[in-house]
Every structure is written in C-alpha cells, then in structure tokens.
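Peer 1:
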Amino acid sequence: REIYNNEGIAGFFSGVIPRLIGEILSLLLFRGACFLVSKYAIDSEVSRRKEVQVYTNGLFQYVAGVVTYPFTLVSNMMIVNHVGLAAGELPAMPVFSGWTDCFKHLRKTGNLWRGSSMFRRTVRQVKGNK
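Position one of the sequence shown corresponds to residue 1 (our numbering), numbered consecutively onward.
1. Suppose contacts are defined by Cβ-Cβ distances below 7 Å. Is Ser75 in contact with Pro18 by that definition?
2. According to the Cβ coordinates, are Phe60 and Ala33 closer than 7 Å?
3. Can you give me the C-alpha to C-alpha distance between Leu90 and Ile42, rounded to a whole angstrom?
4. So Lys108 is in the alpha helix (DSSP H); what residue range does that whole segment cover?
5. When DSSP labels each residue in this structure, what does Gly8 get in the three-state scheme?
6. Which of helix, strand or coil does DSSP assign to Thr72?
7. For Glu2, which of helix, strand or coil comes out of DSSP?
8. Nearest-angstrom Cα distance between Ile53 and Gly22?
9. Count the other CB atoms, across all protein chains shown, that sit within 10 Å of the CB of Ser26; report buried if there are 16 or more and exposed otherwise.
10. As a quick exercise: from Leu85, Arg49, Leu73, Ser44, pick the residue whose alpha carbon is nearest that of Lys104.
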C-alpha cells in the first residue's frame with residue numbers, strides 16, 4: 001500500500017526495464033553464439049555430440065551473463081532505490097530519477113562492473129585530505 005501511495009502502479013515495476021533489456025540481450029548473445037559456433041566453427045559431426053553441446057552452452061551462457069551484468073546491477077539498484085531502506089537512501093546510495101540516470105552514474109564513477117566477480121573485488125579509493 002505504501003508503494004502504491006508514494007509511486008503509483010509504476011512503483012511495483014521499478015527496475016523491470018533494465019532487467020528485460022539485460023535478459024533479451026543475454027538470450028540473443030547466447031543463442032546467436034551457440035548457433036554460429038555449431039554452424040560454422042565446429043564440424044557438424046562434432047557439434048552433435050552431447051559433451052560439445054553442454055560445454056559450448058555453458059561457456060556462452062557464462063559469457064552472455066558477464067556481458068549483460070551491468071543491466072542486472074542497475075535493475076537491482078533501482079529496486080531498492082528510495083524505498084525507505086537504509087541501503088537505498090542517501091548517503092549510502094544517491095536517489096536516481098530513472099534507470100538511465102543510475103546507469104550513467106555507475107559508468108561515470110567506474111562502478112558499472114562492481115560485484116561482477118566472486119574472486120576479484122575492487123574498492124574505489126576516495127580521494128581526501130591526508
């Protein structure tokens with residue numbers, strides 16, 4: 001009820017546009033790469049083997065997820081942005097007017113890929129007076 005009163009019906013769909021864009025791009029990249037490899041890069045007899053299909057599907061699914069990760073990040077940030085949670089309010093997170101504003105802010109600050117790797121984490125250094 002609070003979401004509806006504050007933001008209207010659109011409040012229930014915060015972050016859905018970048019999620020859809022990311023999912024569609026991921027699907028196109030995944031299916032397109034699998035088709036191109038099975039049709040042109042690998043012999044037809046080899047491409048029909050189950051092991052080859054499993055490994056190529058896994059590889060291209062991973063690559064498509066990595067490439068479209070920024071859209072997932074923006075979607076998740078827009079879901080919690082300015083909803084009353086401490087993590088989605090100032091000073092922890094700027095209040096964004098829309099998902100494109102969030103995308104531009106993340107790109108400008110170099111945080112578009114933050115959290116994309118489980119093993120390699122980066123922390124942006126804040127320049128201040130010493």
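We put the CB at the ideal spot given by N, CA and C, even for glycine.
Peer 2: Walking through what the data contain:
1. On the sequence shown, position 75 is the one that residue 75 refers to. On the sequence shown, position 18 is the one that residue 18 refers to. In this structure, Pro18 lies closer than 7 Å to Ser75 by Cβ.
2. Taking the sequence shown and counting its residues from 1, one reaches residue 60 at position 60. Taking the sequence shown and counting its residues from 1, one reaches residue 33 at position 33. Contact: yes.
3. Taking the first residue of the sequence shown as position 1, residue 90 is located at position 90. Taking the first residue of the sequence shown as position 1, residue 42 is located at position 42. The alpha-carbon atoms of Leu90 and Ile42 are separated by roughly 52 Å.
4. Along the sequence shown, one-based indexing puts residue 108 at 108. Unbroken alpha helix (DSSP H) run through Lys108: 99-109.
5. Within the sequence shown, numbered from 1, the residue matching residue 8 stands at position 8. Gly8: coil per DSSP, three-state reduction.
6. Taking the first residue of the sequence shown as 1, we reach residue 72 at position 72. Looking at Thr72 - three-state DSSP - the assignment turns out to be helix.
7. In the sequence shown, counting from the first residue as 1, residue 2 sits at position 2. In this structure, Glu2 counts as helix in the three-state DSSP scheme.
8. By one-based count along the sequence shown, residue 53 stands at place 53. By one-based count along the sequence shown, residue 22 stands at place 22. The question names Ile, but residue 53 in the sequence shown is Gln. Their backbone Cα atoms lie some 24 Å apart in a straight line.
9. The count along the sequence shown starts at 1 and reaches residue 26 at position 26. Buried: at least 16 other Cβ atoms inside 10 Å.
10. As a first step, residue 104 must be located in the sequence shown, where it is residue number 104. For the residues Leu85, Arg49, Leu73, Ser44, the minimum Cα distance to Lys104 belongs to Leu73.
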